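J.:
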Amino acid sequence: MSEKVCTGQVCIVTGANSGIGYHTAKGLAEKGATVVMVVRNMDKGEIAMAEIKQESGSSSIYLMHCDVSDIASVDRFTDAFKERFMCLNVLINNAGAAFSKRHETEVGFEKTIATNYLGMFRLTHNLLPTLRETSPSRVINISSGMHKTGKINFDDIMMEKGYGSMKQYANSKLIVTTYTYALARRIVGTGVTANVVEPGFVATNLGTNMGGLRDRIAFAIVRPIQTSAEKGAETSIWAATASELEKVSGKTFAKKREASSADIAHDEEVQDKLWDWTLITLRGQPD
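Numbering (numbering that gives the first Met the number 0), first residue to last: 0 to 286.
Printed below as a string of structure tokens:
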């Protein structure tokens, strides 16, 4: 087997073939990081990687496959990553999606929750030992200001009743923010930090699967205040690289400064209940 890679700052970016993820990967490459672009569609990923290599002038860019909505795919990716790389300094859980109609994965998880949260949880915890070994290191989870309109209904997190795409997207982002704070509490003293980034209303492919009338109206309303994906990636890049954030954990950042989040996300009882629900749902306790 060839020697494992550990050159410069090794950064994983999920959902890196387009939108915020693409520009995050590009920005990190321009700063000299070794970037691992994690994508679901390898054909699109190859095109994106070639563009980033050309525009950044960096050759330290790698492409790996993972469908974050599929826990088995997440496990395969993290195993493959650990075989290929000996260190990890930054993990940016950027991949996200919203769906106009309720869909379930092959194992029965509602797809918004599977994509935006459960895959993130499993991926992060599979890689925590590597993050600890090569600390100081950072976990950055992408959420949204919409999380403040979300709810965590422990009786129906998978939203089997009354499904709405925007509602479930907001719910998933509240869960992401709450989880990040729970994670930050659990990794104090390890040299690993965990923070949330809210990129703002960004013009991305997120709404591709949102075909309902209400969703189209909602996107039409926010379109005038949308920012570019490149601009939206700036806070992710800053959170990944700013020296002043090396020891900062359990915070939310937007526009390169600390931002508020929903009160419930700070509730440690809710955090612990979410953590336990996740372990039960994934049928296994992470290391």
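Using N, Cα and C, we set each Cβ at its ideal position, and we do this for glycine too.
This one's a predicted model, so the numbers in the text were calculated from it and none came from an experiment.
#1: Count the other CB atoms, across all protein chains shown, that sit within 10 Å of the CB of Lys43; report buried if there are 16 or more and exposed otherwise.
#2: Go through its chain and collect everything with a Cβ distance to Phe76's Cβ below 8 Å, but skip five positions before and after it.
#3: Return yes when the Cβ of Ile141 is within less than 8 Å of the Cβ of Gly95, no when it is not.
#4: Using the Cα positions of Ala258 and Thr251, report the straight-line distance between them to the nearest angstrom.
#5: According to DSSP, is His265 part of a helix, a strand, or is it coil?
#6: Does DSSP put Glu103 in a helix, in a strand, or in coil?
#7: Return the first residue and the last residue of the beta strand (DSSP E) that Met85 is part of.
#8: Smallest Cα separation from Ala264: which of Gly20, Val34, Ile174 and Arg101?
#9: For Arg256, is the classification buried or exposed, using 16 other Cβ atoms within 10 angstroms of its Cβ as the cut-off for buried?
#10: Would you please state the rounded distance, in angstroms, between the beta carbons of Arg137 and Ala232? I believe it to be under 8 Å.
#11: Give the single residue among Gly18, Gln270, Asp74 and Gly14 whose Cα lies nearest to the Cα of Arg185.
#12: Roughly how far, in whole angstroms, is the beta-carbon of Arg131 from the beta-carbon of Gly190, given that I think they are within contact range, below 8 Å?
#13: Span of the beta strand (DSSP E) holding Arg137?
#14: Just verifying my parser: in three-state terms, what is the DSSP assignment at Lys254?
#15: Hey, Lys21 and Ala15 are a contact pair by Cβ (cut 8 Å); roughly how many whole angstroms apart?
#16: Quick check on the burial criterion: 16 or more other C-beta atoms within 10 angstroms. Buried or exposed for Pro128?
#17: Within 10 angstroms of its Cβ, does Asn40 collect 16 or more other Cβ (buried), or is it exposed?
#18: Would you give the residue range spanned by the alpha helix (DSSP H) that Ala228 belongs to?
#19: For Lys159 and Lys110, what's the separation of their Cα atoms in angstroms?
#20: Assign Ile279 to one of two classes, buried (16 or more other C-beta atoms within 10 Å of its C-beta) or exposed (fewer than that).
#21: Which same chain residues, not among the five before or five after Gly26, have their C-beta less than 7 Å away from its C-beta?
T.: Reading it off the structure:
#1: Lys43 comes out exposed.
#2: Cβ neighbours of Phe76 beyond the five flanking positions: Val37, Met63, His64, Cys65 and Leu122.
#3: yes
#4: 5 Å
#5: In the three-state scheme derived from DSSP, where H, G and I count as helix and E and B as strand, His265 is classed as helix.
#6: strand
#7: Looking at the DSSP string, Met85 is not in any beta strand (DSSP E), and its letter there is neither H nor E.
#8: Of Gly20, Val34, Ile174 and Arg101, the residue nearest in Cα terms is Ile174.
#9: exposed
#10: Actually they do not touch by this definition, with Cβ atoms about 16 Å apart.
#11: Gln270
#12: 7 Å
#13: Ser136 to Ile141
#14: coil
#15: The residue you asked about is not Lys; residue 21 is Tyr in the sequence shown. Right, their Cβ atoms sit about 6 Å apart.
#16: exposed
#17: exposed
#18: Ala228 to Gly231
#19: Contrary to the premise, residue 159 reads as Glu rather than Lys in this sequence. If I take the Cα positions, the gap works out to 11 Å.
#20: exposed
#21: Here the set comprises Ala232 and Ile236.
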